[in-house]
Amino acid sequence: MSEEINKELYKTAARWQEGEYDVTRTAVWTAPGCHCSCGVLLYTKNGKLEKIEGDPNSPVNRGRLCLRCINMVEQVYSPERLKWPLKRVGERGENKWERITWDQAYDLIESKYNDIKENHGVESIVTLVGTGRNAMWQPAVITRTIFGSPNVSFGFLSADSCYQPRMTANLIKAGDCLIADCSQTHPLREARPEWKKPEVILVWGNNPLVSNGDGFLGHWLVDMMRLGTKLVVVDPALTWLAARADAWLKIRPGTDAALALGILHVVINEKLYDEDFVENWTYGFDELVERVQEYTPEKVAEITWIPKDLIIKAARMYANAKNGAIQWGLAIDMQMAAMEASCLITDLMAITGNIDVPGGMVLQRYAYNRGKKYGSGLENISEEMLLKRIGTYESPIHESGYTPFIPPDKLLETLESGLPYPVQMLWMQGTNPITNMAGEAPRVYAAMKKVPFNVVVDLFMTPTAVACADLVLPVAMSVERNSFRSWWTPLRALTKAADTYEDTKTDEQIVLDLGKRIRPDRFEQYNTDVDFLDDFLKDDDGVDYDFADLVEKVQDWWDWDYTYKKYEKGLLRKDGQPGFVTPTGKYEITSTLFDVWGFDSLGFHIEPNEGPNTTPELMKEYPLILTTGNRLWGCFHSEHRQLPTMREIHPQPMMDINPETAKALGIIEGDWVWLENRRGKCKQIARFNAGLDPKVVRGEHGWWFPEKEGAEPTLFGVFDSNINNLTTMGVHGPTHYGAPYKSTICKVYKLTPENDKELPSKIVTKLGGFGYVKK
Numbered sequence: 011m012s013e014e015i016n017k018e019l020y021k022t023a024a025r026w027q028e029g030e031y032d033v034t035r036t037a038v039w040t041a042p043g044c045h046c047s048c049g050v051l052l053y054t055k056n057g058k059l060e061k062i063e064g065d066p067n068s069p070v071n072r073g074r075l076c077l078r079c080i081n082m083v084e085q086v087y088s089p090e091r092l093k094w095p096l097k098r099v100g101e102r103g104e105n106k107w108e109r110i111t112w113d114q115a116y117d118l119i120e121s122k123y124n125d126i127k128e129n130h131g132v133e134s135i136v137t138l139v140g141t142g143r144n145a146m147w148q149p150a151v152i153t154r155t156i157f158g159s160p161n162v163s164f165g166f167l168s169a170d171s172c173y174q175p176r177m178t179a180n181l182i183k184a185g186d187c188l189i190a191d192c193s194q195t196h197p198l199r200e201a202r203p204e205w206k207k208p209e210v211i212l213v214w215g216n217n218p219l220v221s222n223g224d225g226f227l228g229h230w231l232v233d234m235m236r237l238g239t240k241l242v243v244v245d246p247a248l249t250w251l252a253a254r255a256d257a258w259l260k261i262r263p264g265t266d267a268a269l270a271l272g273i274l275h276v277v278i279n280e281k282l283y284d285e286d287f288v289e290n291w292t293y294g295f296d297e298l299v300e301r302v303q304e305y306t307p308e309k310v311a312e313i314t315w316i317p318k319d320l321i322i323k324a325a326r327m328y329a330n331a332k333n334g335a336i337q338w339g340l341a342i343d344m345q346m347a348a349m350e351a352s353c354l355i356t357d358l359m360a361i362t363g364n365i366d367v368p369g370g371m372v373l374q375r376y377a378y379n380r381g382k383k384y385g386s387g388l389e390n391i392s393e394e395m396l397l398k399r400i401g402t403y404e405s406p407i408h409e410s411g412y413t414p415f416i417p418p419d420k421l422l423e424t425l426e427s428g429l430p431y432p433v434q435m436l437w438m439q440g441t442n443p444i445t446n447m448a449g450e451a452p453r454v455y456a457a458m459k460k461v462p463f464n465v466v467v468d469l470f471m472t473p474t475a476v477a478c479a480d481l482v483l484p485v486a487m488s489v490e491r492n493s494f495r496s497w498w499t500p501l502r503a504l505t506k507a508a509d510t511y512e513d514t515k516t517d518e519q520i521v522l523d524l525g526k527r528i529r530p531d532r533f534e535q536y537n538t539d540v541d542f543l544d545d546f547l548k549d550d551d552g553v554d555y556d557f558a559d560l561v562e563k564v565q566d567w568w569d570w571d572y573t574y575k576k577y578e579k580g581l582l583r584k585d586g587q588p589g590f591v592t593p594t595g596k597y598e599i600t601s602t603l604f605d606v607w608g609f610d611s612l613g614f615h616i617e618p619n620e621g622p623n624t625t626p627e628l629m630k631e632y633p634l635i636l637t638t639g640n641r642l643w644g645c646f647h648s649e650h651r652q653l654p655t656m657r658e659i660h661p662q663p664m665m666d667i668n669p670e671t672a673k674a675l676g677i678i679e680g681d682w683v684w685l686e687n688r689r690g691k692c693k694q695i696a697r698f699n700a701g702l703d704p705k706v707v708r709g710e711h712g713w714w715f716p717e718k719e720g721a722e723p724t725l726f727g728v729f730d731s732n733i734n735n736l737t738t739m740g741v742h743g744p745t746h747y748g749a750p751y752k753s754t755i756c757k758v759y760k761l762t763p764e765n766d767k768e769l770p771s772k773i774v775t776k777l778g779g780f781g782y783v784k785k
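Numbering-wise, the sequence shown is residues 11 to 785 according to the numbering used here.
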């Protein structure tokens, strides 16, 4: 896959001069943007970013960039960016602010902190964080190390329904995370002698060309296709990848666990599994054999709506491949059986012998174990304080400390009830919960209004900030800050190339400033953000250099991550013995931890809480299955809505509907329509999609309209097209992981002047909400 690169034009140095431009070779990984950290060339002049290009010398992305990254200049210098700290002067929701200095902002935070500490306890401070980028560890450090509170929540994302179920399943089963091997762990990529291409990749609940989710660059799949890799795609919609797959499994949303059981049934009963790996490296295979027997292809076809012949074909293709990988995605997390489906799919990886082999599923850790992540600061929380976490006893997974988060659903209940204690302060950094993430968005909006003091740290003024914040702090973007990325390999420098915009500060600088004020004993040794980063880099796993050295290296590939069959070589366990980091030392098909926690030790199918088999009477009123959260080329979640170029690409919210269904409802493509269920409604534009089942519709998420009035009742129109008016909170499977964001129900009808008189934003902000049931 190598291509000739003009080394005179595209250098491998960290910095150089090119005419009037200073060129910085680095990576980006900060909002706005996706989970990936692509190599880039930043062209600056007099401290201002002028253009951005992909770095062809980066083995990660080989010069390729998505639309959002290419549009970086428009993002950085958007007139809508926050420029300086703002203090609310009107009522919440009025969008009235006064400019203050950073010292005044810090004085206010410190004053509120001292009052809360003395009169309520620091545990009543709660932080909300967003998706996995370079704004996840900083708020965790602020909360735990500086404020001393144990309460960090993954926004209001019901049941932690983003990567947490899949990662937790991997960790419980195999002791480490498993990633599809498309040669991305080694700088030589496909030219590495030990590497082999996957013969088959099963793309499950994922559209990576658009999303690049979980740090997996979607174009890696295109690289594999060019080499001859065949695809099996599991998706309710016909994606670009599904159209080019050997088998497209058009699944009923929320039935992935059943499909996994059906595939395992075929693999096991046709003896397509790897007998050597099963015999020598797994625990509990016989129990799985017994479990899958009732899930025949015929039964699974009825549950999933996938023809049995396709289920059998997919199973044989994957299991018979010499090297098989599974690239899975968010759709698996966003269902009640998220943990169960994740465990079963992980079992499929294992029994086919595809764990930690070339072209299979490689075991991965943060590069050099330098994990800057959501758990940062936990080491500074006492056992006594940990027991005060909201939702500590909500489930055994939370009680055991297996997750760094408090349960978002329990947090919402706490805000509403004041139990076990009233929350006194919300710190929101890198998250816009009422626009994105939060199920039952109107309910979350009302609950956040109850908190006495709220701080929002963001790039732009958002609906969440206008509705709920008392203080808004402006942050720098990726090109304006120093940091590094260690999510899998390589370890990458994120190098400051442009001057910070107006009076913004980096997330790291905010940590240092607050730390020096509130916890000087822990932060007095740091004079600059680079001092802080140097301290993070120190370890015993091979990093013998500081941040300045990493900047010059640009990226550093960790040999542990690209070593195969680590479980045979004693590279996983602390005792150096062969095996996995599990209680049995083997890959656990039946989970001993699940046994201890009182869960079923094997995966199983759970019907969605709403649907044809669970709520047939309700479906008479709401006859369509609603799936949400599909990704867009021009926007990432609720970001990029201010940018003219991105809005030109995707100007309005679209819902997908089968033409047959639309015809029966009197809907023409391009009509505005209402999506409604017993929790709420929103409006989007109908787009015909013949690939969808006639009983399924799909709604976009993250929509708000920065061009509209920011003050309530309009609130940037955030509730008018908000698909999370229809989703749930507090509905999840037995492990408390996974919520039915992608498998609820609704009805669709045409918008008319008569039914459009009261917009949802006014209904929510001024008229008391929809008045529908909560669950």
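Beta carbons: idealized from backbone N, C-alpha and C, even for Gly.
Note that the structure is predicted; figures quoted are calculated from it, not measured.
Secondary structure at residue i, three-state DSSP: helix, strand or coil?
i, result
"W437", "strand"
"D666", "strand"
"E686", "strand"
"Y378", "helix"
"Q694", "strand"
"R657", "helix"
"I261", "coil"
"L320", "helix"
"V310", "helix"
"I135", "strand"
"K784", "Caution applies to K784, whose pLDDT of 46 falls short of 50 and renders its modelled position unreliable; the value that the coordinates give is listed next. Note: K784 maps to coil in three-state DSSP."
"I400", "coil"
"A837", "This structure cannot speak to residue 837, because the chain is shown only from 11 to 785."
"I391", "coil"
"I361", "helix"
"I15", "coil"
"K21", "coil"
"P406", "helix"
Can you round the beta-carbon distance between residue i and residue j to whole angstroms, since I take them to be within the 8 Å contact cut?
i, j, result
"I365", "A325", "About 18 Å separates the two Cβ atoms, so there is no contact after all."
"I355", "F295", "Between F295 and I355 the Cβ distance is about 16 Å, and since that is not below 8 Å, they are no contact."
"N144", "R495", "7 Å"
"V707", "V758", "6 Å"
"L241", "R254", "7 Å"
"A475", "V485", "The pair is not a contact, with the Cβ atoms about 12 Å apart (cut-off 8 Å)."
"K506", "W147", "In fact, because the Cβ distance is near 18 Å, the residues do not count as touching under 8 Å."
Please report the residue range of the alpha helix (DSSP H) in which residue i lies.
i, result
"P493", "The sequence shown places Ser at residue 493, rather than the Pro named in the question. No alpha helix (DSSP H) holds S493; the beta strand (DSSP E) holding it covers 493-495."
"V277", "266-279"
"E519", "Residue 519 is actually Gln in this sequence, not Glu. Note, Q519: alpha helix (DSSP H), 517-528."
"M82", "82-86"
Give the DSSP bridge partners of residue i, in chain order.
i, result
"V482", "L96, V466"
"D566", "L501"
"Y53", "V33, K61"
"G709", "T638, M665"
"T292", "Y597"
"R91", "F470"
"V790", "The structure shown does not extend to residue 790, since the chain is modelled only from 11 through 785, so no value can be given for it."
"I678", "For I678, which the question treats as bridged, DSSP gives no partner whatsoever."
"I342", "Note: I342 sits in no beta bridge, so no partner."
"I416", "S163"
Over what stretch of residues does the beta strand (DSSP E) that includes residue i continue unbroken?
i, result
"W147", "W147 -> not in any beta strand (DSSP E); alpha helix (DSSP H) instead, spanning 147-151."
"E28", "25-28"
"W214", "210-214"
"K240", "240-244"
"I336", "334-338"
"E108", "107-109"
Checklist entry - Which runs of the beta strand (DSSP E) fall wholly inside the segment 163-221 and span at least 3 residues, in chain order? => result Secondary structure remark: continuous beta strand (DSSP E) runs of at least 3 residues inside the segment 163-221, in chain order: 187-190, 210-214.
Checklist entry - If you scan the segment 726-772 from start to end, which runs of the beta strand (DSSP E) of 3 or more residues do you find wholly inside it? => result Along the length of the segment 726-772, whole beta strand (DSSP E) runs at least 3 residues long occupy 754-760, reported in chain order.
Item to check | Those runs of the alpha helix (DSSP H) which lie wholly inside the segment 579-620 and span at least 4 residues | outcome: Counting whole runs of 4 or more residues, the segment 579-620 contains the alpha helix (DSSP H) stretches 602-607.
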